[in-house]
Each structure stands twice: as C-alpha cells, then as structure tokens.
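Residue numbers (my numbering): 24 to 357. No residue lacks a Cβ here, since even glycine has one placed at the ideal position from N, Cα and C.
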Amino acid sequence: MATPGGSMLSMFVKLVSAHRAVARTLSAGCKRKGKLAAGNQCRALSVTQQVAADGRQGEIIARNRQHIKVILDVLITCAKQEVPLRGNRENDEVKNAGKLVRNEVDRKTVICVEGNIASGKTTCLEYFSKSTNIEVITEPVSKWRNVRGHNPLALMYQDPQRWGITLQTYVQLTMLENHLSAICAPVGMMERSIFSAKYIFVENLFRSGKMPEVDYAVLSEWFDWITTNISIPVDLIVYLQTSPQTCQERLKQRCREEEKVIPLEYLESIHQLYEDWLIKRSSSPLPAPVLVIPADHDLESMLQQYEELREKILTASCLSSTTENTSRDEDGRS
Ligand code: TTP
Ligand code: MG
Numbered sequence: 024m025a026t027p028g029g030s031m032l033s034m035f036v037k038l039v040s041a042h043r044a045v046a047r048t049l050s051a052g053c054k055r056k057g058k059l060a061a062g063n064q065c066r067a068l069s070v071t072q073q074v075a076a077d078g079r080q081g082e083i084i085a086r087n088r089q090h091i092k093v094i095l096d097v098l099i100t101c102a103k104q105e106v107p108l109r110g111n112r113e114n115d116e117v118k119n120a121g122k123l124v125r126n127e128v129d130r131k132t133v134i135c136v137e138g139n140i141a142s143g144k145t146t147c148l149e150y151f152s153k154s155t156n157i158e159v160i161t162e163p164v165s166k167w168r169n170v171r172g173h174n175p176l177a178l179m180y181q182d183p184q185r186w187g188i189t190l191q192t193y194v195q196l197t198m199l200e201n202h203l204s205a206i207c208a209p210v211g212m213m214e215r216s217i218f219s220a221k222y223i224f225v226e227n228l229f230r231s232g233k234m235p236e237v238d239y240a241v242l243s244e245w246f247d248w249i250t251t252n253i254s255i256p257v258d259l260i261v262y263l264q265t266s267p268q269t270c271q272e273r274l275k276q277r278c279r280e281e282e283k284v285i286p287l288e289y290l291e292s293i294h295q296l297y298e299d300w301l302i303k304r305s306s307s308p309l310p311a312p313v314l315v316i317p318a319d320h321d322l323e324s325m326l327q328q329y330e331e332l333r334e335k336i337l338t339a340s341c342l343s344s345t346t347e348n349t350s351r352d353e354d355g356r357s
C-alpha cells in the first residue's frame, strides 16, 4: 500500500516531469510563445487538481499537502514566466546536438551507483528496487564471467597485460547496453557506468603498467567515440564511500572465485581513483552531480541510511541540480 510519503514522492516526480516537459518545449525555441505559456499554466494547473483530488482522498497528510503547494507555486510561477528549471536536462538538446539519442517519448531520470569493488552497490540497488518509482538495471558481471563459454574476468585477473583489453572492451559494450536499455519506471538506477569502467578500471590498468599503451589508446578512442556520438544521460551519481579494508573484508566473505587474487593494494588504487574523480574532482569529467554516502557500516545501518536518504536521492536526481548543491549531503557526510 502506498504510504503518504510515497504518495507525495510520486506526485513530486510527476510534477517535476510535467515542468520538465514544459521547460524542454520552451528551450526548443518555439515561436508560439503566448499560446505556449497558456498551455504550460494548464498543465501545471491540471497537476494541481490531481494533487487536490488525492488530498481529498486523504492519501496525503496535511504537512505533505503544504509541501506540494510550495513546489506547485514555484512550478506555476516558472511556467507563467517561461523560466526553465535549472538542471542538466534543459541542456539535453545542446549537449545532444548531432548525437545518436535513444528514441523515447520522455527521457527517464538515471542514477548511477558507484563505489569500490564489494562496496555494497548491489545491496543498495536491491534496496531501491523495492520502490515503485525505481527500476534497477543490474551490472552485467555474469556476462563478464561467461561470454560464449569464455571468462574474460578470470582471464584478466590471471594475466592483465594480455587480457585487460579483452575484458574492458566487453565491459564497455555491456555498460553501453545498460545505459541504452529501455526503462519503464520514472527513475532508472544502474550499478556503475560506462564512465567508471573507463575512468577507474581502464585507467588503473594503464597507470599500474598492466595495460600496454596501444591497448589504452584503442580503448580510449572507443570511449571517446561513444561519448561524443551517443547520448548517455546520467542525472545523479550516488557514491558509496568505503575504506579499501572494508571492501577486502566483504570480498573475503562473498568469495567470488575470480576475485580471490585481489590484493589490498588493488583496492587501494581503485579507491584513490574514485576519490580523485568524485571527491577531489581532479581527474576526469563528472557526468552528473554526486551524492556521497558513507558505506563502511554494517548492513542494518546501511539499509537505515538508504531509507533516510530515499527521498533525497530521488529529489536530487529529479531536479538534477548543480554539482555543488548535491556534492555532499546536508548533514556534512562525506
Ligand atoms: P564491481 O563493479 O565492483 O561489482 P561488485 O558486485 O563486485 O560490487 P558490489 O559488491 O559493490 O555490488 O565489480 C565486479 C568485478 O568486475 C570486480 O572483480 C571488478 C571487475 N571489474 C573490472 O575488472 N573492470 C571494470 O571495468 C569493472 C566495472 C569491473
Ligand atoms: Mg555488485
């Protein structure tokens, strides 16, 4: 059964997408400005009526109704004034100029969950998969362990010099498939991204001297071509920040056969690359704002954190606000 909070949330998501549609049309540079403004007001008002109806049914408690009213006032004002909501999506048309774009009526919100090996990304995704608004896209690790009877993941750990490019080429392809997969729910949540595969894992192999320069060059050419020519929208990165020691403990517990050879130094390098990318922002470009979640805690506390942050994650991803606004959570967690 929907909770009042859940109701409010789904209404909020609807509101934001309604406004987004308005903002997108506006930024397309439509000539019929007067007509459009009137249409925008109608859209916002029809959502108002829907909210009022839900309120009458007693689904939304008074506090939430007040909250929605505040949001609505802002949205209606924006629609009247033809002010697009600030965020990444309004720039979609500019960013996507000349790119291959997935053929979708309304593009969905995309959240990528990032973090070291065994930082708890799958557990995080499993938790959020229970939300009706969210559709989870799981990481294709099983494909990396079995492509037409071959196991490129195991081969890479056995001999990275020889097989690093093989695994990373396949990782890049399967990540692209995930980014382009159709999402039915308003929000899609993915484990990792094509960006971390390149900025973290390929980079690590190359910098540690385990990938020949020519392999790195070929992979980089592929990555640059894909990201220049295909639209890969990401609205929010959720970074599960762990210590390498925690990951080593979790690796030991889960005991994935291929990963038995991973030493602590490997996890430390991956950790450092993540910190440089998502915290210091000194290495590679950020495709989206970052929300940091401290993830060294036990399962119970992690699930509690996810529950507390649920609304914030969804709101942040929907608003797709500036990097600074969501780079750390308000409680100062880092
Ligand atoms: P992870 O993406 O870290 O998945 P996980 O299931 O281990 O993480 P979690 O417990 O947080 O859910 O990596 C899976 C394996 O694939 C791991 O051994 C690292 C390896 N890998 C690469 O070698 N190259 C890559 O580009 C990626 C993305 C993973
Ligand atoms: Mg996983």
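Less than 6 Å separating the Cβ of residue i from some heavy atom of the ligand MG?
i: residue 153; result: no
i: residue 144; result: yes
Report back the beta-carbon spacing between residue i and residue j to the nearest angstrom; my notes put them in contact at under 8 Å.
i: residue 316; j: residue 261; result: 6 Å
i: residue 160; j: residue 204; result: 6 Å
i: residue 188; j: residue 199; result: Wrong, their Cβ atoms sit about 16 Å apart, outside the cutoff.
i: residue 252; j: residue 122; result: 6 Å
i: residue 290; j: residue 271; result: 6 Å
i: residue 146; j: residue 325; result: 7 Å
i: residue 193; j: residue 170; result: 6 Å
Going by Cα to Cα distance, which pick from the options is closest to residue i?
i: residue 265; options: 231, 296, 306 and 337; result: 296
i: residue 239; options: 253, 191 and 279; result: 191
i: residue 180; options: 303, 320 and 285; result: 285
i: residue 157; options: 171, 175, 237 and 131; result: 131
i: residue 213; options: 201, 318 and 222; result: 201
i: residue 255; options: 152, 185, 309 and 184; result: 309
i: residue 135; options: 124, 122 and 151; result: 151
i: residue 129; options: 182, 183 and 211; result: 211
i: residue 183; options: 171, 233, 259 and 149; result: 233
i: residue 298; options: 124, 171 and 222; result: 222
i: residue 250; options: 195, 281, 279 and 215; result: 195
i: residue 307; options: 243, 267 and 325; result: 243
i: residue 336; options: 231, 259 and 236; result: 259
i: residue 143; options: 186, 305, 267 and 334; result: 267
With H, G and I counted as helix, E and B as strand and the rest as coil, what does DSSP make of residue i?
i: residue 336; result: helix
i: residue 316; result: strand
i: residue 309; result: coil
i: residue 135; result: strand
i: residue 89; result: Because residue 89 carries a pLDDT of 46, less than 50, the predicted location of this residue cannot be relied on, and no value is offered for it.
i: residue 159; result: strand
i: residue 234; result: coil
i: residue 211; result: strand
i: residue 241; result: helix
i: residue 284; result: helix
i: residue 164; result: helix
i: residue 257; result: coil
i: residue 124; result: coil
i: residue 71; result: Unreliable placement is indicated for residue 71, whose pLDDT of 46 sits below 50; the coordinate value is still reported in the next sentence. DSSP places residue 71 in helix when its eight states are reduced to three.
Any heavy atom of the ligand TTP within a distance shorter than 6 Å of the CB on residue i?
i: residue 215; result: yes
i: residue 140; result: yes
i: residue 208; result: no
i: residue 318; result: no
i: residue 224; result: yes
i: residue 200; result: no
i: residue 288; result: no
i: residue 220; result: yes
i: residue 164; result: yes
Is any heavy atom in the ligand SAM found nearer than 6 Å to the beta carbon of residue i?
i: residue 194; result: Only the ligand TTP and the ligand MG can be found as ligands here, which leaves the ligand SAM out of the picture.
Exercise for the section: Report yes or no: do three or more beta-carbon pairs, one from the stretch 326–335 and one from the stretch 163–181, lie closer than 8 Å? Expected result: no
Exercise for the section: Give a yes or no on contact between the stretch 138–147 and the stretch 282–298, applying the rule of three or more CB pairs nearer than 8 Å. Expected result: yes
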